[in-house]
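Peer 1:
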């Protein structure tokens, strides 16, 4: 079905070629320069032509996405060759990786939804970035948890700021998503920002 | 004509060359220090990996207060053991029970809890896993050799936001006398993603 069987590799190495390791390191090191955020970089990868995306290996997608970001932000301008003020120093790597990025944001006002509420994932088809998977759009589910405010990827990917919204875990019954062909006794949850949901 | 052996005079493969040229330009432009790239690679190749998650799970099996903390605030509980960072900023621990099995996927990209499991394996990032785990999780688990009884419900968690999920598998029977370190040796990466179960204790000692 679909893309065929999942093929786990026994004793899989962390990297399958030296260039894959460099691709990871270059992506993280250039990300530290601060010109783009994780949502913009995801969007750059996901904006590759579908046939290219599906036929490229994971780190090839990363490299193609990185090339697009460098181009968009004009960072490979041959005239500039002084060290970037935020160039990641080797001695700072451990601290930067251990710190990560806090994506939570304080948010005013009460939550629109509470655990136990029935909600519907909105039937939307944004032109830009979103993290609402197509397979839940238009389907009803149950709010299981409310996690407070988080940066909204739909805005953050496009330089429109954090635009924080409350984030909810919403559970969908397998049969509601997939109909009579669903495997019995399965459910699927997504983490959905408030504007992805509407009350029922 | 395809060959299955390398030629010493063959040019580098296209991705090797493409990434090498990109790195050269980034270094020449003052954007990247290659030693920082080395340090990033060393971190994920040698320091961060699933043994970290196994230590968290083994502690949860042996320390009920820690397990409660993990359930309430996984980020803080895991952070108290010194494990934190990129792609693990907002952790959630989900506990298997005799009637519920948890399975983690990221259908949109490849979100994975790096600080406790390391970098994701290729299958986790593959279109096959990402698309099918939500549609037919039992069929996918069967491809990992895991057949769950029909009465066990399967909950698939699609990591669509910045929450990162760690499955806490059930402690195998016959492990009552084992130390935390012995228990940790039973806990596989796949058992913390939900595509496997911990190793049975007799298979470790034997």
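Chains as they are written, first to last, in our numbering: chain E, 80 to 279; chain S, 8 to 213.
Just so it is clear, CB atoms sit at the ideal spot from N, CA and C, and this is done for glycine as well.
By how many angstroms is the C-alpha of residue 138 of chain S removed from the C-alpha of residue 86 of chain E?
Peer 2: Between residue 86 of chain E and residue 138 of chain S, the C-alpha separation is close to 14 Å.
Peer 1: Going by DSSP, name the residue or residues bridged to residue 174 of chain S.
Peer 2: S:101.
Peer 1: I want to verify the contact list: residues of chain S whose CB lies under 7 Å from the CB of residue 257 of chain E, in sequence order.
Peer 2: Near residue 257 of chain E (Cβ distances below 7 Å), the residues of chain S are 142.
Peer 1: Is the separation between the beta-carbon of residue 249 of chain E and that of residue 266 of chain E shorter than 8 Å?
Peer 2: Not a contact, by the Cβ cut-off of 8 Å.
Peer 1: Evaluate residue 209 of chain S with the Cβ neighbour count: other Cβ atoms within 10 Å of its Cβ, from every protein chain shown; 16 or more gives buried, anything less gives exposed.
Peer 2: Result: exposed.
Peer 1: Report buried or exposed for residue 213 of chain S, applying the criterion of at least 16 other Cβ atoms within 10 angstroms of its Cβ.
Peer 2: Unreliable placement is indicated for residue 213 of chain S, whose pLDDT of 44 sits below 50; the coordinate value is still reported in the next sentence. Exposed: under 16 other Cβ atoms inside 10 Å.
Peer 1: For a quick check, are the C-beta atoms of residue 218 of chain E and residue 154 of chain E less than 8 Å apart?
Peer 2: No. Outside cutoff.
Peer 1: Within 10 angstroms of the Cβ of residue 88 of chain S, are there 16 or more other Cβ atoms? Answer buried if so, exposed if not.
Peer 2: By the 10 Å Cβ count, residue 88 of chain S comes out exposed.
Peer 1: How is the beta strand (DSSP E) around residue 160 of chain S delimited, first residue to last?
Peer 2: 160-165 is the span of the beta strand (DSSP E), which, as asked, contains residue 160 of chain S.
Peer 1: In three-state terms, what does DSSP make of residue 183 of chain S?
Peer 2: The answer is coil: DSSP assigns residue 183 of chain S none of H, G, I, E or B.
Peer 1: Judging by CA-CA distance, which residue of E:102, E:126, E:82, E:88 is the nearest neighbour of residue 206 of chain E?
Peer 2: Selected option, being the one with the closest Cα: E:126.
Peer 1: Taking Cβ-Cβ distances below 8 Å as the criterion, which residues of the stretch 167-185 of chain S are in contact with chain E?
Peer 2: Listed in sequence order: 167, 168, 169, 170.
Peer 1: What's the C-alpha gap between residue 256 of chain E and residue 122 of chain E?
Peer 2: The alpha-carbon atoms of residue 256 of chain E and residue 122 of chain E are separated by roughly 26 Å.
Peer 1: Which of the three DSSP states is assigned to residue 197 of chain S in this structure?
Peer 2: Reduced to three states, the DSSP call for residue 197 of chain S is helix.
Peer 1: Please determine, among S:101, S:108, S:202, S:25, the residue with the shortest C-alpha to C-alpha distance to residue 67 of chain S.
Peer 2: Closest option to residue 67 of chain S, Cα to Cα, is S:101.
Peer 1: Got a sec: is the Cβ-Cβ distance from residue 198 of chain E to anything in chain S below 8 Å?
Peer 2: Output row for residue 198 of chain E: interface = no.
Peer 1: Are there three or more Cβ pairs, one per stretch, closer than 8 Å when the stretch 50-66 of chain S is compared with the stretch 193-209 of chain S?
Peer 2: Yes, they touch.
Peer 1: In angstroms with no decimal places, state the Cα-to-Cα distance between residue 170 of chain E and residue 42 of chain S.
Peer 2: Cα to Cα, the separation comes out at about 9 Å.
Peer 1: Does any residue of chain S have a CB that is nearer than 8 Å to the CB of residue 126 of chain E?
Peer 2: No, residue 126 of chain E does not count as interfacial toward chain S.
Peer 1: The beta strand (DSSP E) with residue 125 of chain E in it runs from where to where?
Peer 2: From DSSP, residue 125 of chain E is part of no beta strand (DSSP E) but of the alpha helix (DSSP H) over 117-125.
Peer 1: Can you tell me which of the three DSSP states residue 260 of chain E falls into?
Peer 2: Helix, per DSSP.
Peer 1: For the stretch 21-45 of chain S, which residues have a CB atom closer than 8 Å to at least one CB atom of chain E, in sequence order?
Peer 2: Listed in sequence order: 22, 23, 25, 26, 27, 29, 30, 32, 33, 35, 36, 37, 38, 39, 40, 42, 43, 44, 45.
Peer 1: Rounded C-beta distance between residue 124 of chain E and residue 140 of chain E? I'm assuming under 8 Å.
Peer 2: So it is a contact: roughly 5 Å between Cβ atoms.
Peer 1: Which residues in the same chain have their Cβ closer than 8 Å to the Cβ of residue 203 of chain E, if we skip the five residues on either side of it in sequence?
Peer 2: 209, 211, 216, 275, listed in sequence order.
Peer 1: So, does the CB of residue 93 of chain S fall closer than 8 Å to a CB anywhere in chain A?
Peer 2: The chain labelled as chain A is not found among the protein chains of the depicted structure, namely E and S.
Peer 1: For the 8 Å Cβ check, are there 3 or more pairs between the stretch 186-199 of chain E and the stretch 219-234 of chain E?
Peer 2: Yes: the two stretches touch, three or more of their Cβ pairs being nearer than 8 Å.
Peer 1: Assuming the contact rule is C-beta atoms closer than 8 Å, residue 203 of chain S and residue 153 of chain S should be a hit. Round their C-beta distance to whole Å, please.
Peer 2: About 6 Å separates the two Cβ atoms, so the contact holds.
Peer 1: Pair every Cβ in the stretch 130-140 of chain E with every Cβ in the stretch 80-99 of chain S, then say whether three or more of these pairs are closer than 8 Å.
Peer 2: As far as the Cβ criterion goes, the stretch 130-140 of chain E does not touch the stretch 80-99 of chain S, which means the pair count is below three.
Peer 1: Here's the rule I'm using: 16 or more other beta-carbon atoms within 10 Å means buried, otherwise exposed. How should residue 133 of chain E be labelled?
Peer 2: Classification of residue 133 of chain E: exposed, given that the 10 Å Cβ count is below 16.
Peer 1: If we cut at 8 Å on Cβ distances, does residue 209 of chain S have a partner in chain E?
Peer 2: No, residue 209 of chain S does not count as interfacial toward chain E.
Peer 1: Give the DSSP-derived three-state secondary structure of residue 173 of chain E in the structure shown.
Peer 2: Three-state DSSP puts residue 173 of chain E in a helix.
Peer 1: Taking only three categories from DSSP, how would you classify residue 246 of chain E?
Peer 2: Looking at residue 246 of chain E - three-state DSSP - the assignment turns out to be strand.
Peer 1: Given the structure, does residue 129 of chain S come close to the ligand ATP, in the sense that its CB is under 7 Å from one of the ligand's heavy atoms?
Peer 2: As far as ligands go, the structure on display features none, and thus does not contain the ligand ATP.
Peer 1: Does residue 142 of chain E pass the burial test, meaning 16 or more other C-beta atoms within 10 Å, or should it be called exposed?
Peer 2: Answer is buried; the Cβ neighbour count reaches 16.
Peer 1: Would residue 127 of chain S be called buried (16 or more neighbouring beta carbons within 10 Å of its own) or exposed?
Peer 2: So residue 127 of chain S counts as buried.
Peer 1: With a 10 Å radius around its C-beta and 16 neighbouring C-beta atoms as the bar for buried, classify residue 169 of chain S as buried or exposed.
Peer 2: Buried.
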